[in-house]
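In my numbering, the protein residues as written are 854 to 935.
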């Protein structure tokens with residue numbers, strides 16, 4: 854169990870937030886701690902969230918394929934061949 858002493862101003866902020874959120878101070882504190890904890894963790898890339906890069910996806914790609922001007926040409930060529 855955690856017990857904290859708040860000054861009057863902070864306590865009034867808490868009361869207002871609780872009224873707006875329609876929750877308890879315990880729920881609010883849990884939510885704030887979780888949100889802060891999330892900001893401390895390094896963010897995952899989209900590929901990491903989806904399980905990583907597919908195997909063999911870029912095995913035949915040119916080394917310069919990621920450059921913007923080259924990728925535009927590659928995409929344009931793929932579209933015109935369809």
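Each residue gets a CB set at the ideal place from its N, CA and C atoms; glycine is no exception.
query	result
Residue 900 beta carbon less than 8 Å from that of residue 906	yes
C-alpha gap between residue 867 and residue 890, whole angstroms	20 Å
Distance CB(residue 918)-CB(residue 924) smaller than 8 Å	yes
Cβ pair residue 877, residue 871 closer than 8 Å	yes
Residue 860 to residue 921 span [Cα, whole Å]	55 Å
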